[in-house]
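Everything on this sheet refers to the single structure shown next.
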Amino acid sequence: MKILTDIHTHTNASAHAYSTLYENMCAARDKGLELVACTNHGPEMPDAPHLWHFLYFKALPRVVEGVKLICGVEANILNKSGELDIPKKILEDMDIVIASIHNCTYAEEVGGDHTETWMNIIDNPLVDVLGHTGSPDFLYDMDTVIPYAKKRNVCIEINNHSFLSRPQNVARCREIALACKKYKAPVVVNSDAHFMGEIGIVPKAVAMLEEMDFPEELIMNLNAERFIKYLSEKKNKTFDFGE
Numbered sequence: 065m066k067i068l069t070d071i072h073t074h075t076n077a078s079a080h081a082y083s084t085l086y087e088n089m090c091a092a093r094d095k096g097l098e099l100v101a102c103t104n105h106g107p108e109m110p111d112a113p114h115l116w117h118f119l120y121f122k123a124l125p126r127v128v129e130g131v132k133l134i135c136g137v138e139a140n141i142l143n144k145s146g147e148l149d150i151p152k153k154i155l156e157d158m159d160i161v162i163a164s165i166h167n168c169t170y171a172e173e174v175g176g177d178h179t180e181t182w183m184n185i186i187d188n189p190l191v192d193v194l195g196h197t198g199s200p201d202f203l204y205d206m207d208t209v210i211p212y213a214k215k216r217n218v219c220i221e222i223n224n225h226s227f228l229s230r231p232q233n234v235a236r237c238r239e240i241a242l243a244c245k246k247y248k249a250p251v252v253v254n255s256d257a258h259f260m261g262e263i264g265i266v267p268k269a270v271a272m273l274e275e276m277d278f279p280e281e282l283i284m285n286l287n288a289e290r291f292i293k294y295l296s297e298k299k300n301k302t303f304d305f306g307e
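In case it helps, this note's numbering puts the sequence shown at residues 65 to 307.
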């Protein structure tokens, strides 16, 4: 199994990431990737870029160093109502929207059940991916959330970074992947890179999926063609890469 895109990456526009966009794209080129998404943190993250960062993606080319580029945001989920920290008007212009819970930006208490949060996020038609949902701090009913994500054509992220920096999440990530296989729900497999050396590096996630014989047809970002088709149909949007 080889994942030829990475659709959750960060640049040094977020201060706790350490590479420029160009450095990330060069790393993607060197690793043979077909497509990268730049998805910096939404503004409620303490070191996030200003909202203006998300307003001027038109300045960027669609292809950098031979690698396709799409631009969006990893929006912060603020509460159980599913409120995000990016205005709707800006979300509408994003190529891709990942919605994630981070402890420092989420108003609800750690522990308990957070099924309601994810159900409300899935109901937001502008959200494409549920980001790193494996935290044991924010448990949810997988038999409720994952089939609903499939119904609404929202991808569940399998996040390689969780295996490295959040080892307490690994068992839960496996349960989520098995539930996605059971319900035939779409997933994406990403690095969540915060440094150029991490771009496209997803061996822990891939090894887990291979061990459980996870169907490749459910991996929406297996290659650029499949992921762009998914986004184009979901968003009713055309992507011009000059081909």
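A virtual CB, placed ideally from N, CA and C, is assigned to each residue, including glycine.
The structure presented is a predicted model; accordingly, all values stated were derived computationally and were not measured.
Taking the straight line between their C-alpha atoms, what separation do you get for residue i and residue j?
i    : j    : result
F118 : D149 : 12 Å
E87  : K95  : 12 Å
G176 : K144 : 12 Å
H196 : D277 : 21 Å
V270 : V253 : 8 Å
D70  : N217 : 19 Å
L273 : W116 : 38 Å
R290 : M284 : 6 Å
V266 : N76  : 21 Å
I165 : L142 : 8 Å
N300 : D157 : 12 Å
K268 : E147 : 31 Å
Report yes if the C-beta distance between residue i and residue j is below 8 Å; otherwise report no.
i    : j    : result
L99  : V131 : yes
H72  : E221 : yes
N223 : D256 : yes
L190 : V161 : yes
A92  : G264 : yes
I185 : A163 : yes
M109 : E280 : no
L282 : C237 : no
Based on Cα-Cα distance, which residue from the options lies nearest to residue i?
i    : options                : result
T103 : C90, V127, N140, R93   : N140
M169 : I240, D111, R216       : For the sequence presented, residue 169 should be read as Thr rather than Met. Taking only the C-alpha atoms, the option nearest T169 is D111.
A241 : F259, H80, V209        : V209
A249 : E275, V266, P211, R238 : P211
L124 : E147, L97, D159        : D159
K153 : S164, G136, L142, I165 : G136
D201 : M109, C90, T179, L133  : T179
S229 : M183, E275, N300, H258 : H258
L203 : E173, K122, K298, D187 : E173
N188 : E262, P151, L97        : P151
Kindly identify the DSSP beta-bridge partner or partners of residue i.
i    : result
T69  : L99
E221 : V252
I283 : V251
L194 : A163, I220
L203 : D177
**Prompt:** Where are the beta strand (DSSP E) runs, 3 residues long or more, that stay fully inside the region 89-149, in chain order?
**Reply:** For the region 89-149, whole beta strand (DSSP E) runs of length 3 or above, ordered along the chain, are 99-105, 131-140.
**Request:** Scan the region 254-281 and note each continuous alpha helix (DSSP H) run of 4 residues or more that stays entirely inside, going in chain order.
**Result:** If only uninterrupted alpha helix (DSSP H) runs of at least 4 residues are considered, those enclosed by the region 254-281 are 267-275.
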